[in-house]
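Visitor: Residue numbers (the numbering used here): 13 to 265. Beta carbons are placed, not taken as given, at the ideal position from N, Cα and C, and that holds for glycine. Please see the structure below; I have some questions.
Laid out in structure tokens, this is it:
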């Protein structure tokens, strides 16, 4: 199927092709032709964080930023879905063009910058979806929120998504929001995560259900930085780690 679609997709710029692919998946789902896109995998359940994943292969955040295609994507057979990154307020992201193909490496560079319609839209979409499998929701900060107040953006998003999320991912590692990766510095990270953990436990008591909270880190960390982050994650008893976000290293291409 991809061999047939590739020439059409490559006739458009990378970001337009991204949206066309999502439209095709949604259309196939709504018309009942989605089995043509691929065969559903056999069940291979895995239990992690107290959640049962249908199989170990899931969809990472970034494809469906606003949770507008949850049911269509779930129909492809993923073991879990993660939607977002979402922010408190809508934002357009970085100026276009902001996605670039490197065909000889079968790669795409993205500089999107958390473009999304805001957390309220994402929550409405997620609540309207029929899918009740594992749904992660990835949260971030608005680009015009200074790092000194970043935790407020994450707290707001955490509260808004908590009821619908199976788990929440705290994204502090996108290279496309200026200064965001500074939140990975050990001292700042300790204070930041301690505040989020306190709110997580309060929400667990309020909703009668504890939702795991994971931290998504950058791939461009040296051993010293990784050790420092690991110490903070252990000290704050974060549920898990997502490795990794987009690299800024271009040495391989």
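Per the DSSP calculation, residue 103 is bridged to which residue(s)?
Guide: Stepping through the chain shown from its first residue, residue 103 is reached at position 91. Answer by DSSP bridge pairing, in chain order: 128.
Visitor: Apply the 10 Å Cβ neighbour rule to residue 65 and answer buried if 16 or more other Cβ atoms are within range, or exposed otherwise.
Guide: As a working mapping, residue 65 is identified with position 53 in the chain shown. Buried is the call here.
Visitor: Mind checking residue 76: buried by the 16 CB within 10 Å criterion, or exposed?
Guide: For this step, residue 76 is matched to residue 64 along the chain shown. Buried: at least 16 other Cβ atoms inside 10 Å.
Visitor: Going by DSSP, what residue range makes up the beta strand (DSSP E) through residue 58?
Guide: Residue numbering aside, residue 58 sits at position 46 when the chain shown is read from its first letter. 58 to 60 is the span of the beta strand (DSSP E), which, as asked, contains residue 58.
Visitor: To test your reading of the DSSP string, which unbroken alpha helix (DSSP H) runs of 4 or more residues are found completely within the segment 162 to 247?
Guide: Counting whole runs of 4 or more residues, the segment 162 to 247 contains the alpha helix (DSSP H) stretches 162 to 173 and 198 to 219.
Visitor: Considering only the beta carbon of each residue, do residue 215 and residue 182 sit closer than 9 Å?
Guide: If you number the chain shown from 1, residue 215 lands on position 203. If you number the chain shown from 1, residue 182 lands on position 170. Result no, Cβ atoms of residue 215 and residue 182 do not sit closer than 9 Å.
Visitor: Quick check on residue 112: buried or exposed, where buried means 16 or more other Cβ atoms within 10 Å of its Cβ?
Guide: Here residue 112 corresponds to residue number 100 of the chain shown, with the count starting at 1. Looking at its Cβ environment, which holds fewer than 16 other Cβ atoms inside 10 Å, residue 112 is exposed.
Visitor: Can you name the residues that DSSP bridges to residue 253?
Guide: Stepping through the chain shown from its first residue, residue 253 is reached at position 241. In DSSP, residue 253 forms a bridge with 227.
Visitor: Taking C-alpha atoms, which residue in 148, 168, 20 and 149 lies nearest to residue 157?
Guide: Here residue 157 refers to the residue found at position 145 when the chain shown is read from its first residue. Among 148, 168, 20 and 149, the Cα nearest to that of residue 157 is on 168.
Visitor: Per DSSP, what kind of secondary structure is residue 114 in: helix, strand or coil?
Guide: The residue you call residue 114 lines up with position 102 of the chain shown. Three-state result, residue 114: strand.
Visitor: Per DSSP, what are the beta-bridge partners of residue 120 in this structure?
Guide: Within the chain shown, the letter at position 108 stands for residue 120. Paired residue(s): 113.
Visitor: Have a look at residue 260 and residue 104 and give me their C-alpha separation to the nearest angstrom.
Guide: In the chain shown, counting from the first residue as 1, residue 260 sits at position 248. In the chain shown, counting from the first residue as 1, residue 104 sits at position 92. Taking the straight line from one Cα to the other gives about 21 Å.
Visitor: Assign residue 108 to one of two classes, buried (16 or more other C-beta atoms within 10 Å of its C-beta) or exposed (fewer than that).
Guide: In the chain shown, residue 108 corresponds to position 96, counting from 1. Residue 108 should be labelled exposed.
Visitor: DSSP three-state label for residue 78, please.
Guide: Residue numbering aside, residue 78 sits at position 66 when the chain shown is read from its first letter. The answer is coil: DSSP assigns residue 78 none of H, G, I, E or B.
Visitor: In terms of alpha-carbon separation, which member of 130, 83, 81 and 56 lies closest to residue 91?
Guide: Here residue 91 refers to the residue found at position 79 when the chain shown is read from its first residue. Considering only alpha carbons, the answer is 56.
Visitor: Of the choices 200, 36, 227 and 28, whose alpha-carbon is the least far from that of residue 122?
Guide: Locating residue 122 in the chain shown gives position 110, where the first residue counts as 1. Cα-wise, what sits closest to residue 122 is 28.
Visitor: From the DSSP secondary-structure annotation, give me the bridge partner or partners of residue 27.
Guide: Along the chain shown, one-based indexing puts residue 27 at 15. In the DSSP output, where bridge partners are listed per residue, residue 27 has none listed.
Visitor: Enumerate in chain order the residues of its own chain whose CB-to-CB distance from residue 71 is below 7 Å, with the five nearest sequence positions on each side excluded.
Guide: For the purposes of this step, residue 71 is identified with residue 59 of the chain shown, where counting begins at 1. Same-chain partners within the cutoff: 85, 90, 93 and 94.
Visitor: So for residue 95, helix, strand or coil by DSSP?
Guide: For the purposes of this step, residue 95 is identified with residue 83 of the chain shown, where counting begins at 1. Looking at residue 95 - three-state DSSP - the assignment turns out to be strand.
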